[in-house]
Amino acid sequence: MNRLLAFFLSIVMFVSPAANYPHQEIDKSDWTTDYAYIFVHGLIGWGDDTLMDRLISYFGTFSGSLMRYLRARGLDCHAATMSLEGSAWDRACELYAQLTGTRTDYGEAHSAQCHHPRYGRDYTGKALIDKFDAAHKVNLIGHSFGGTTILEFLELMANGDPAECETSQPSELSPLFEGGKSDWVYSISTLSVPFCGTTLYEYGNPYTMTPEVFNTHPGKILLDLSSKLTTKNRPYTDTPVYDMEVDRAIEITSSCETVSSVYYFSVPCSCSQPDGNGRQIPKPEMVALMKPLCRAIGMFHGTTAGGVELDGKWRENDGLVNTISERAPLGAPQKDIDFDHIEPGIWNVFPTMQADHMFFSGGFLRTTDIRTYYVAYIQRINTL
């Protein structure tokens, strides 16, 4: 079996387009910064330290590894690996361990409350970057639930967590929970991120949808798959599925303080269109497997337990997330981006990208070359 796997991987590595990228330096003459870029994947994804990445990269997919492409051009870029079943909190802790080269510590109080081990994977000697501190900041780029992850991460970096400080012995407390490290992050970029959740996950919520409707709708497909993959051996309230329900997502992201020194960017997406009857349907270019989910979002209506009315404004979507949910955290300072006047401490919202949810990772079941997009994006941030 091991020989077969090795043979298979040797074939994948031989034919991989990522293996043959030529080296090409990027003109850095007008840059004001040159910090590392950390990419964080969505709900079901992987980083560039995994076996899966040898087969196909989450960022780059069928066009080849985006990380290897960017590094070949002199950019310090890395893709972190988040646990499949991890909540936003758990993933934030995992991200900290990967950046600092330490053992993952989910916190004594959190682990006891959620009934899972306190410690996870040990990254000692395997940090993604050489240095991580106020002098060696990072730019964080999160796709989908990866955006929720980096918001939770920055919140802990900035403000820590009082419950963990009270519960843990000082000698055992993770520095993440102490706070005071907001100046270790230079920018946050969120791509198709469910700041206010997605109504796909409301199909399983008895407050907003009756079981009769839920059980006969395509939205159930994603919920069933996500639940089976991510809710194993842990309370539902400590899973990404729960964190993407509308009320919970709003609770998480709206409680994350907007740091005055950090640059914030968001790029919402849309790949649906009105059907003339008040609903949204997929555009022809949407990948076929997303179309049933797009229709599910495009017809949804209801009110959450927290009183959020999910009306017609919520129906435009990118195949997995409502477009209205992707602009910025509810109540956070925000504005449409002005490229001549970009300032920190406020969400700079890009025009809505006409693309489906998986565009930013390189497309789903189709080749989408995103390399030029990311090079231009990084160039813009580095000249701030």
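For the sequence shown, the positions run 627 to 1010 when the numbering used here is used.
Glycine is no exception: its CB is placed at the ideal position from the N, C-alpha and C atoms.
#### Entry: Cα-Cα separation between Gln960 and Arg953, rounded to whole angstroms
As a position in the sequence shown, residue 960 is number 334, starting the count at 1. As a position in the sequence shown, residue 953 is number 327, starting the count at 1. Looking at the two C-alpha atoms, the distance is approximately 9 Å.
### Query
Which residues mark the beginning and the end of the alpha helix (DSSP H) in which His736 is found?
Within the sequence shown, residue 736 is the residue found at index 110, counting from 1. DSSP places His736 inside the alpha helix (DSSP H), whose first and last residues are 734-740.
### Query
Between the C-alpha atoms of Ala706 and Tyr829, what's the straight-line distance to the nearest angstrom?
By one-based count along the sequence shown, residue 706 stands at place 80. By one-based count along the sequence shown, residue 829 stands at place 203. The alpha-carbon atoms of Ala706 and Tyr829 are separated by roughly 30 Å.
### Task
Grab me the residues of Met678's own chain with a C-beta within less than 6 Å of its C-beta, minus the 5 sequence neighbours each way, in chain order.
Residue mapping note: residue 678 aligns to position 52 of the sequence shown, counting from 1. These residues qualify, in order along the chain: Trp672.
### Task
Could you pull the start and end residues of the beta strand (DSSP E) that Ala662 belongs to?
As a working note, residue 662 is residue 36 in the sequence shown. Per DSSP, the continuous beta strand (DSSP E) segment holding Ala662 begins and ends at 662-666.
### Query
What alpha helix (DSSP H) runs, 4 residues minimum, are completely inside the stretch 750-788?
As far as the stretch 750-788 is concerned, its whole alpha helix (DSSP H) runs of at least 4 residues are 771-785.
### Task
Look up Gln795 in the DSSP assignment and say whether it is helix, strand or coil.
For this step, residue 795 is matched to residue 169 along the sequence shown. The answer is coil: DSSP assigns Gln795 none of H, G, I, E or B.
### Query
Which whole-angstrom value describes the C-beta separation of Ser713 and Asp864, a residue pair presumed to lie in contact below a C-beta threshold of 8 Å?
Locating residue 713 in the sequence shown gives position 87, counting from the first residue. Locating residue 864 in the sequence shown gives position 238, counting from the first residue. Sure, about 5 Å apart at Cβ, within 8 Å.
### Message
Within 7 Å of any Cβ in chain C, is that where the Cβ of Pro918 sits?
### Response
Considering every chain present, this structure includes no chain C. It has just one protein chain.
### Message
Could you compute how far the alpha carbon of Phe891 sits from the alpha carbon of Asn974?
### Response
Walking along the sequence shown from the start, residue 891 turns up at place 265. Walking along the sequence shown from the start, residue 974 turns up at place 348. Straight-line Cα distance between these residues: approximately 5 Å.
### Query
Are there 16 or more other CB atoms within 10 angstroms of the CB of Gln906, so buried, or fewer, so exposed?
Reading the sequence shown from its first residue, position 280 is the one you call residue 906. Counting the other CB atoms within 10 Å of its CB gives Gln906 a total of 16 or more, which places it among the buried residues.
#### Entry: Cβ shell of Thr998 (< 6 Å), same chain only, five flanking positions each side left out
Stepping through the sequence shown from its first residue, residue 998 is reached at position 372. The answer is none, since no qualifying residue turns up.
### Query
Can you name, in chain order, every residue of its own chain whose Cβ lies under 8 Å from the Cβ of Thr1009, other than the five neighbours on each side?
Along the sequence shown, read from residue 1 onward, the residue named residue 1009 stands at position 383. Excluding sequence positions up to five before and after Thr1009, its CB lies within less than 8 Å of the CB of Asp656, Trp657, Thr658, all in the same chain and listed in chain order.
### Best match in Phe965, Leu696, His983, Gly823 for proximity to Ile878 [C-alpha to C-alpha]
Residue numbering aside, residue 878 sits at position 252 when the sequence shown is read from its first letter. With distances taken between CA atoms, Ile878 lies nearest to Gly823 out of Phe965, Leu696, His983, Gly823.
### Message
Does Leu1010 come out as helix, strand or coil in the three-state DSSP assignment?
### Response
Reading the sequence shown from its first residue, position 384 is the one you call residue 1010. If DSSP states are grouped into helix, strand and coil, Leu1010 belongs with coil.
#### Entry: Three-way DSSP call (helix, strand, coil) for Leu692 in this model
Position 66 of the sequence shown, counted from the start, is the residue given in the question as residue 692. For Leu692, the three-state secondary structure derived from DSSP is helix.
#### Entry: Burial state of Gln724, where buried means 16 or more other Cβ atoms lie within 10 Å
Counting from 1 along the sequence shown, the entry for residue 724 is found at position 98. By the beta-carbon neighbour count (other beta carbons within 10 angstroms, threshold 16), Gln724 is buried.
### Query
Is it the case that the Cβ atoms of Cys575 and Ser818 are separated by a distance below 7 Å?
In the structure as shown, the chain begins at 627 and stops at 1010. Residue 575 is therefore absent and cannot be evaluated.
### Task
Below 6 Å CB to CB, which residues in the same chain sit around Lys807 once its five sequence neighbours on both sides are set aside?
Position 181 of the sequence shown, counted from the start, is the residue given in the question as residue 807. Close CB contacts of Lys807 within its chain, under the 6 Å cut and outside five residues either way in sequence, are with Met783 (chain order).
### Query
Would Ala922 be called buried (16 or more neighbouring beta carbons within 10 Å of its own) or exposed?
Numbered from 1 along the sequence shown, position 296 holds the residue referred to as residue 922. The Cβ neighbour count for Ala922, taken over all protein chains shown within 10 Å, is at least 16; the residue is labelled buried.
### Message
Taking the straight line between their C-alpha atoms, what separation do you get for Thr929 and Glu935?
### Response
For this step, residue 929 is matched to residue 303 along the sequence shown. For this step, residue 935 is matched to residue 309 along the sequence shown. Roughly 4 Å separates the two Cα atoms.
### Task
Would you tell me roughly how many angstroms separate the C-alpha atoms of Arg717 and Ile652, rounded to the nearest one?
In the sequence shown, residue 717 corresponds to position 91, counting from 1. In the sequence shown, residue 652 corresponds to position 26, counting from 1. The alpha-carbon atoms of Arg717 and Ile652 are separated by roughly 32 Å.
### Message
Give me, in chain order, the residues of the same chain whose beta-carbon lies closer than 7 Å to that of Pro861; leave out the 5 immediate sequence neighbours on both sides.
### Response
For the purposes of this step, residue 861 is taken as residue 235 along the sequence shown, with counting starting at 1. So the list reads Cys740, His741, once near-sequence residues are dropped.
### Task
Give me the Cα-Cα distance between Tyr889 and Leu915, rounded to the nearest whole angstrom.
As a first step, residue 889 must be located in the sequence shown, where it is residue number 263. As a first step, residue 915 must be located in the sequence shown, where it is residue number 289. Distance between the alpha carbons of Tyr889 and Leu915 is about 35 Å.
### Task
Leaving out five residues on either side along the sequence, give the residues of the same chain with a beta carbon under 7 Å from the beta carbon of Ser951.
For the purposes of this step, residue 951 is taken as residue 325 along the sequence shown, with counting starting at 1. Answer for Ser951: Pro820, Phe821, Cys822, Gly823, Thr824, listed in chain order.
### Beta-carbon gap between Ser880 and Leu956 smaller than 7 Å
Locating residue 880 in the sequence shown gives position 254, where the first residue counts as 1. Locating residue 956 in the sequence shown gives position 330, where the first residue counts as 1. Yes, the Cβ-Cβ distance between Ser880 and Leu956 is below 7 Å.
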